[in-house]
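Inspection log for the structure reproduced underneath, given as C-alpha cells.
Numbering (the numbering used here), first residue to last: 42 to 294.
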C-alpha cells in the first residue's frame with residue numbers, strides 16, 4: 042500500500058480540510074470519503090471528504106488543516122495511508138451539534154440537517170450555514186461512540202446549547218427549615234448541595250446559561266369567608282379544593 046507524507050496547512054494556504062494532488066491518487070474524485078491514518082495507528086483513523094485538489098502540491102504528499110491534525114494527533118511529515126471508503130460503511134446514527142449564543146427555530150434545524158446530508162463530520166468540526174454556526178460534538182454508530190463519520194438521511198441530529206434560558210424553582214416550604222437524618226438543614230442542602238453541584242457541572246462543560254432562580258411559598262389562612270380579609274388582600278387570595286384560603290409569594294434572582 043502506497044504511503045504519503047503528511048503536511049499541515051493553515052487557513053492562508055487553503056480553507057479546505059484536506060488537500061491532495063489528483064495526479065497521485067487518480068481514482069479519487071471530489072466528494073469521495075477517504076480515511077487517513079498513520080501505519081502504526083491502524084485502529085485510529087480519520088475520515089475526511091475530498092473537496093479540493095491542488096495540482097502544484099508536492100508529489101506523494103497530502104495536506105490536512107492544522108486544527109484537524111491537532112485534534113486527531115496526526116504528526117507532521119510522518120507517513121500516512123489514504124484509502125477511499127464506502128460512505129454506507131461509516132454512516133453515523135446520531136450526531137450532536139452544539140450551538141452557542143443564538144436561537145434556532147425548528148425550520149432552521151431542519152434546513153441545517155438537510156444541508157449536512159452526505160457530508161463527513163468529525164469531532165469539533167465547525168459548520169456554518171445561512172448564518173447558523175454550530176460545532177460537532179459526540180457521534181454514535183453501531184452501538185459505540187465515534188470521532189468521525191458520514192451524515193445520511195437517517196442520521197438523527199441532536200441540538201445542544203450551553204447558553205440556554207433556565208428557570209429553577211425552589212419551594213420555601215416549612216420542611217426547608219427541618220433537619221435531615223445527618224443534622225443538615227434542607228435549605229442548606231439545596232443551596233450548598235444542589236445549586237453548588239449544578240453550577241460547578243455547568244462550569245466544567247463551559248456552559249453560560251441565563252439562569253433565573255425563583256423562590257416561592259404558599260401561606261394558608263385560618264378564615265371562614267373572604268370577607269374576613271382586608272379589601273387590599275382579597276384580590277391576591279385563592280381557594281383550594283378543601284375550601285382553604287391561601288396566598289402565593291414569589292421572589293426571583
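Beta carbons are placed, not taken as given, at the ideal position from N, Cα and C, and that holds for glycine.
Inset, instruction - Leaving out five residues on either side along the sequence, give the residues of the same chain with a beta carbon under 7 angstroms from the beta carbon of residue 254. - result: Exclusion of the five residues before and after residue 254 leaves 209, 211, 293 and 294 as the residues of its chain whose Cβ lies within less than 7 angstroms of its Cβ.
Legend entry - Continuous alpha helix (DSSP H) assignments of at least 4 residues falling wholly in the segment 86 to 165: The alpha helix (DSSP H) runs lying completely inside the segment 86 to 165 and spanning 4 residues or more are 107 to 112 and 147 to 157, given in chain order.
Inset, instruction - Would you mind sorting residue 44 into buried or exposed? The rule is 16 or more other CB atoms within 10 Å of its CB. - result: Its Cβ having fewer than 16 others within 10 Å, residue 44 is exposed.
Legend entry - Under the three-state DSSP convention, the category residue 291 falls into: In this structure, residue 291 counts as strand in the three-state DSSP scheme.
Legend entry - Local Cβ density within 10 Å of residue 171, reported as buried at 16 or more and exposed below that: By the neighbour-count criterion, in which a residue is buried when 16 or more other Cβ atoms sit within 10 angstroms of its Cβ, residue 171 is exposed.
Inset, instruction - Buried or exposed for residue 180, please, with buried defined as at least 16 other CB atoms from any protein chain shown within 10 angstroms of its CB. - result: For residue 180, the number of other beta carbons within 10 angstroms of its own is at least 16, and it is reported as buried.
Inset, instruction - Please report how far the alpha carbon of residue 110 lies from the alpha carbon of residue 195, in whole angstroms. - result: Straight-line measurement puts the Cα of residue 195 at about 29 angstroms from the Cα of residue 110.
Inset, instruction - Output the distance between the C-alpha atoms of residue 229 and residue 242, rounded to the nearest integer angstrom. - result: Residue 229 and residue 242: Cα-Cα distance of roughly 19 angstroms.
Legend entry - Per-residue burial, residue 219 [other beta carbons within 10 Å of its own, 16 or more giving buried]: Residue burial annotation: residue 219 is exposed, with fewer than 16 other C-beta atoms found within 10 angstroms of its C-beta.
Inset, instruction - Mind checking who residue 169 pairs with in its DSSP beta bridge? - result: Answer is 174.
Inset, instruction - Have a look at residue 121 and residue 94 and give me their C-alpha separation to the nearest angstrom. - result: Straight-line Cα distance between these residues: approximately 18 angstroms.
Inset, instruction - Helix, strand or coil for residue 236, going by three-state DSSP, please let me know. - result: Secondary structure at residue 236: helix, using DSSP grouped into helix, strand and coil.
Legend entry - As assigned by DSSP and simplified to three states, the class of residue 186: Strand, per DSSP.
Legend entry - Selection from 264, 272 and 273 that minimises the alpha carbon distance to residue 286: Comparing C-alpha distances from residue 286 to each of 264, 272 and 273 shows the shortest one belongs to 264.
Inset, instruction - Take residue 53 as the anchor and find which of 82, 107, 197 and 276 has the nearest alpha-carbon. - result: Nearest of 82, 107, 197 and 276 to residue 53, Cα basis: 107.
Legend entry - Sub-8 angstroms separation of residue 163 and residue 188 beta-carbons: Annotated as proximal: residue 163 and residue 188, with beta-carbon spacing under 8 angstroms.
Legend entry - Cross-strand partners of residue 208 (DSSP beta bridge): Bridge partners of residue 208: 253.
Inset, instruction - Express the C-alpha separation of residue 126 and residue 63 in angstroms, rounding to a whole number. - result: If I take the Cα positions, the gap works out to 17 angstroms.
Legend entry - Selection from 250, 215, 249 and 245 that minimises the alpha carbon distance to residue 259: Cα-wise, what sits closest to residue 259 is 215.
Legend entry - For residue 200, the three-state DSSP class (helix, strand or coil): Strand, per DSSP.
Legend entry - Residues that residue 61 bridges to, as DSSP identifies them: Residue 61 pairs with 94 and 103.
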